[in-house]
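Quick note, the sequences are listed as chains A and B, same order.
Take the first sequence: its letters are residues 23 to 526, numbered as in my numbering.
Take the second sequence: its letters are residues 23 to 526, numbered as in my numbering.
Yeah, the Cβ is synthetic: ideal placement off N, Cα and C, and Gly gets one too.
One structure is given below, encoded as structure tokens.
There are 2 protein chains.
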Amino acid sequence: MEKKFEELRKRCEDMAALGSAGALLGWDQNTYMPSGGAEARGKTLAVISELAHHQLTCKETGALIADLHDWAQAKGHDSFEGSFLRALKRSYDQEVKIPAELVKELSLATTAAFEAWHKARAASDFAMFAPHLEKVAELNLRKAEALGFKNSPYDALLDLYDAGMAREKLDAIFAELTAGLKPVIKAINERADKVSNAPFKGDFAPETQLKLSLEIAKALGYDLTRGRQDLSAHPFSSGISSPDDARITTRALRDWLPACVYASIHETGHALYEQGFPKEFAFTPLAGAASLGMHESQSRFWENLIGRSRPFAAWALPLYRKHFPGKFDSCTPEDIYRAANRSEASLIRVEADEVTYNLHIALRYEIETQLLDGSLKVKDAPELWNAKMQEYLGVKPAKDSEGILQDVHWGFGMIGYFPSYTVGNLISAQLHAAARKDLPGMDGLIAKGDFAPILAWLRAKVHTQGAKYKPEELLQRAIGEELSVAPFVNYIKTKYSELYGFKA
Amino acid sequence: MEKKFEELRKRCEDMAALGSAGALLGWDQNTYMPSGGAEARGKTLAVISELAHHQLTCKETGALIADLHDWAQAKGHDSFEGSFLRALKRSYDQEVKIPAELVKELSLATTAAFEAWHKARAASDFAMFAPHLEKVAELNLRKAEALGFKNSPYDALLDLYDAGMAREKLDAIFAELTAGLKPVIKAINERADKVSNAPFKGDFAPETQLKLSLEIAKALGYDLTRGRQDLSAHPFSSGISSPDDARITTRALRDWLPACVYASIHETGHALYEQGFPKEFAFTPLAGAASLGMHESQSRFWENLIGRSRPFAAWALPLYRKHFPGKFDSCTPEDIYRAANRSEASLIRVEADEVTYNLHIALRYEIETQLLDGSLKVKDAPELWNAKMQEYLGVKPAKDSEGILQDVHWGFGMIGYFPSYTVGNLISAQLHAAARKDLPGMDGLIAKGDFAPILAWLRAKVHTQGAKYKPEELLQRAIGEELSVAPFVNYIKTKYSELYGFKA
């Protein structure tokens, strides 16, 4: 069996190498690739992912998994071998279930949908995208049927991104979340001018923004011998070969400093997770996140719970002053804290603040679940979108490009992905509350820029587990809790009632 | 058969995608990769090249090649299908002949040799490297035996880098070359102070050097929508996905402008070749150079034959002035021409000028052929090296780090690679002489920076052929000549006798 395990391990190394090559090809595509290389790059990426798919789903891999499963589980649930087989089998089971023909149809439909989405958004014309969204929904339904599910086809899709997640849970989560947040948003809306973000507006040289954000990332614990920061149109992080090569990108807007600083902190949060996987997990199925939601919890933890806290503002102000002499002379730490936390209902998800963000997700969740179960027709989706924006946030898109056409996800063929953003936000608040208990002097640590104990806490609780456990089990092991809404809503209520001066 | 050809084509696309991924992984390793990623990168690269090797040598590929060979050749020697099969079969035949066991031994020995070479060079202690060089020679001999040869095992190795090349030809080439160049070197040596390179010495900001060299590259015809220039310790070019993504790197020394400018022109020459492959060759075995020698001819053509010509100096001087205001005020175009052509026998190959360069190769050729046929013992190699340096160039290394330990090639396990540098130099002079006949106003074109007709000539004669023909056939088709020494020696004699004022 040991010999068979070595054989399987070698196969996983091959998959990991292909995954690493694919990650680098993607990173380069969004950073340094000359524009003329785009078509060839698309083809190369398709081949690499096809080869990886083949390595995973071929009968040799399947036979080894079947042969080794019981032997590995007998080593113990927490053992390297047991977790290795469990994580691998999960991907294997998912991928073998989808027929090659459907994979191909999805790939072709997605390429067409992505192109149509691009044009539709530019023209702000939903009708151009509608037939593609129909096709995407239809193929995702077939995919769900191929994968299998107990209650709802949507569950099968959710499970791809967040193992164990289900519509039943999410219905309850979004109901509680929406009920908890709507009064807060209303109260803030009535006191809009109580909090100003003026300190962050001005003329900030982009090169200096990059230096500043890199200094912050380093202070948080980002190891630049195993990572780097580059510019890209849309910030992202990429575990090119985690834990030893985990990169981030950011962007910089000359007139709005937080775009760079907070994108950078967000992506650093992702990269810290990847850098925290144990070295011995490298090139195995365990060198990954427990789920997309868990990954997002790490970015949100640093971006919002830490990065928009009062002690963080106190620590960061001298840095802002150092990099932008004169610009922050008349600011107090409290001014910075308030500027980092102005909340305003707006149309665009990626620009939304932590109070309103999850309601953007809630309406996407409602639309995509209804599209999948057939209770909503594609042609009626923009109307529902706009009505929900009005209901949840009190704003209404004037055109579809700033409404239903704003996100690429459906154009990428992904249904069931959006909820992981909200799950991440919820977990980040749960982890934060638990960390505060374990580290009573946390505010003091943050105020002096000593982030190491906080990172060490995340490392111990989350990062070093890699993909050993499903997110639910990981959360239970880490802090003894189930996924819950209350810590997040409490955090928002406490913070914003004080900031805006209302009774929560 | 058409269907089988499509099947084979798909297999070649997979290999090309793996090749492209490997190229990007290598490019990144030498440009942006964080240092901590090195070990994982080595592993990833090994897996990717193993997968590519498997795709090429597996029995399915072999069967398709066997089935299609006659059908494809019947389409005509020059046809796409005929050339495709010929090029693929050449690589296939080479790779299947080497037993997996030997591939593995070579890989292990090379890893060890490379590490030993690094340490030996740092310590300038040949004894540390000697046992590894013995092993490399032994394994290369076994490789040659596996590949098969008519006259000399060295021929089998040569053929890997330069199809059709043989020791018999090279013996004659180096004899003629050495005889032709030695008197020139002697004459220059006696008039060393006749030519000054002082204009290129000074304090040149590296960022500005990069801008200048990129402007030159663009002027030569380098398409930056399908390429880019970055910094690396050792300049290189990489066809990441030719013809649509062909990149170069360069380096910059603050006190010596030509290090950047001429490295950049050299690599641009390589990249222009890759950008010139027909679009329909992409992802096929035809998207490659005819040989390493042919590739080198393109870099040398632009670097030396064009870039160190009198009209080029006249065109470049205003650019130097624009980028470095004040620094070239008192220079004439003739000063620049002379500065770009100071020749001086020196110890280090990569810093050698066009007069002395091939003698560095001649002595490496002598040593590696003798190591392979057993007439030279590894322990006696440094002595022969030093004696030959004295004989050919009149200089003698004080230590092995600036002698036999200077180059990485043997440490990389490569024997038979060096001659392609000289072959490239010879071809560049032949192409140049032919181009001058076809383009009578070539000097005038260069002087006004109109390089397009010269590039178009190379495109038509060489680039658009990709890997359709062996180098000998390509040269014959392009200019109706065999590989020959005379054009190069004549070029050197004419140019340097005038520059240094002696009778050639």
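**Request:** Kindly indicate the opening and closing residues of the alpha helix (DSSP H) around PHE79(B).
**Result:** Inspection of the sequence shows that residue 79(B) is occupied by Thr rather than by Phe. Membership of THR79(B) in the alpha helix (DSSP H) is indicated by the continuous run 60-79.
**Request:** For LYS223(B), write down the residues that DSSP places opposite it in a beta bridge.
**Result:** LYS223(B) is bridged to TRP278(B).
**Asked** Which value, in whole angstroms, describes the spacing of the CA atoms of GLN536(A) and LEU107(A)?
**Response** No information on residue 536(A) is available, as it lies outside the stretch 23 to 526 that chain A covers here.
**Prompt:** Are the C-beta atoms of GLY186(A) and some chain B residue less than 8 Å apart?
**Reply:** So, not an interface residue.
**Whether TRP337(B) touches THR290(B) by CB criterion (8 Å)** = Annotated as distal: TRP337(B) and THR290(B), with beta-carbon spacing of 8 Å or more.
**Message:** Is the beta carbon of PRO228(A) closer than 8 Å to that of ARG250(B)?
**Reply:** No, they are not a contact pair.
**Request:** Assign HIS80(B) to buried or exposed, taking buried as 16 or more other Cβ atoms, counted over all protein chains shown, within 10 Å of its Cβ.
**Result:** Rather than His, the amino acid found at residue 80(B) in this sequence is Cys. So CYS80(B) counts as exposed.
**Item:** Three-state class that DSSP yields for THR247(B) in the structure shown
**Value:** Coil at THR247(B), not helix or strand.
**Prompt:** Name the chain B residues whose beta carbon is nearer than 7 Å to that of VAL69(A)?
**Reply:** Residues of chain B whose Cβ lies closer than 7 Å to the Cβ of VAL69(A) are, in chain order, GLU35, ASP36, ALA39.
**Prompt:** With 8 Å set as the bound, which would you pick, yes or no: does the beta-carbon of LEU47(B) sit closer than that to a beta-carbon of chain A?
**Reply:** Cβ-Cβ to chain A under 8 Å: yes for LEU47(B).
**Item:** Euclidean distance between Cα positions of ALA201(B) and GLY446(B)
**Value:** Using only the alpha carbons, I get a separation of about 19 Å.
**Prompt:** Taking C-beta to C-beta, are LYS65(B) and ALA39(A) nearer than 8 Å?
**Reply:** LYS65(B) places its beta carbon less than 8 Å from that of ALA39(A).
**Request:** Take the Cβ of ASP351(A) as the centre, count every other Cβ of all protein chains shown within 10 Å, and call the residue buried at 16 or more, exposed below.
**Result:** Label assigned to ASP351(A): exposed.
**Asked** Any idea if GLY348(B) is buried or exposed, counting beta-carbon neighbours within 10 angstroms, 16 or more meaning buried?
**Response** In this structure GLY348(B) is exposed. Its beta-carbon is surrounded by fewer than 16 other beta-carbon atoms within 10 angstroms.
**Prompt:** Is DSSP giving ALA268(B) helix, strand or coil here?
**Reply:** Reduced to three states, the DSSP call for ALA268(B) is strand.
**Asked** Short check: CB of SER146(A) to CB of LYS421(A), under 8 Å?
**Response** Yes, the pair counts as a contact, with Cβ atoms nearer than the cut-off.
**Prompt:** To the nearest whole angstrom, what separates the beta carbons of LEU234(A) and VAL283(A), a pair I think is in contact under 8 Å?
**Reply:** VAL283(A) and LEU234(A) do touch by the CB rule: their CB atoms are close to 7 Å apart, below 8 Å.
**Request:** Would you check if there are 3 or more beta carbon pairs closer than 8 Å linking the region 471-490 of chain B to the region 301-314 of chain B?
**Result:** Three or more beta-carbon pairs drawn from the region 471-490 of chain B and the region 301-314 of chain B are found closer than 8 Å, and the two stretches are therefore classed as touching.
**Asked** When the distance is taken between beta carbons, is ALA293(B) closer than 8 Å to ALA268(B)?
**Response** The answer is yes: Cβ separation under 8 Å.
**Item:** DSSP state of GLY261(B) mapped onto helix, strand, coil
**Value:** Residue state, collapsed to three classes: strand.
**Item:** Test item: CB-CB of PHE70(B) and ALA43(B) under 8 Å
**Value:** According to the sequence as given, residue 70(B) is Ile; it is not Phe. Cβ distance < 8 Å, so ILE70(B) and ALA43(B) count as in contact.
**Request:** Could you tell me the distance, in whole angstroms, from the CA atom of ASN380(A) to the CA atom of THR306(A)?
**Result:** Approximately 34 Å between the Cα atoms of the pair.
**Item:** Rounded distance between the beta-carbons of SER254(B) and ASN512(B), thought under 8 Å
**Value:** Your pair ASN512(B) and SER254(B) does not check out as a contact, with CB atoms roughly 35 Å apart and the cut at 8 Å.
**Local conformation of LEU461(B) per DSSP, three classes** = In the three-state reduction of the DSSP assignment, LEU461(B) falls in the coil class, being assigned neither a helical nor a strand state.
**Prompt:** Nearest CA to the CA of MET150(A): which residue from PHE136(A), GLU160(A), ASN162(A), ARG112(A)?
**Reply:** Restricting attention to PHE136(A), GLU160(A), ASN162(A), ARG112(A), the CA atom closest to the CA of MET150(A) is found in PHE136(A).
**Asked** Alpha carbon to alpha carbon, what distance is there between ILE389(B) and SER105(B)?
**Response** So the two alpha carbons sit approximately 36 Å from each other.
**Prompt:** So, using beta-carbon positions, are PRO404(B) and ILE426(B) closer together than 8 Å?
**Reply:** Result yes, Cβ atoms of PRO404(B) and ILE426(B) sit closer than 8 Å.
**Item:** Residue environment, SER260(A), which counts as buried when at least 16 other CB atoms sit within 10 Å
**Value:** With 16 or more other Cβ atoms within 10 Å, it is buried.
**Asked** Thinking C-beta only, is GLY329(B) closer than 8 Å to TRP139(B)?
**Response** No, the pair does not count as a contact, with Cβ atoms beyond the cut-off.
**Prompt:** Is ASP92(A) helix, strand or coil when you go by DSSP?
**Reply:** Helix.
**Request:** Compare the Cα-Cα distances from LEU243(B) to each of SER101(B), ARG332(B), PRO475(B) and report the closest residue.
**Result:** Contrary to the premise, residue 243(B) reads as Gly rather than Leu in this sequence. The shortest Cα separation from GLY243(B) among SER101(B), ARG332(B), PRO475(B) belongs to PRO475(B).
**Euclidean distance between Cα positions of GLU495(A) and ALA131(A)** = The alpha-carbon atoms of GLU495(A) and ALA131(A) are separated by roughly 36 Å.
**Item:** Under 7 Å by beta carbon: chain B residues contacting TYR244(A)
**Value:** What TYR244(A) touches in chain B: nothing, since even the nearest Cβ is about 11 Å away.
**Asked** Span of the alpha helix (DSSP H) holding ARG343(A)?
**Response** Where ARG343(A) is concerned, the enclosing alpha helix (DSSP H) stretches over 332-345.
**Asked** So with Cβ pairs under 8 Å, would you call LEU73(A) a contact of chain B?
**Response** LEU73(A) belongs to the set of residues whose beta carbon lies under 8 Å from a beta carbon in chain B.
**Item:** Euclidean distance between Cα positions of ILE383(A) and ASP375(A)
**Value:** If I take the Cα positions, the gap works out to 12 Å.
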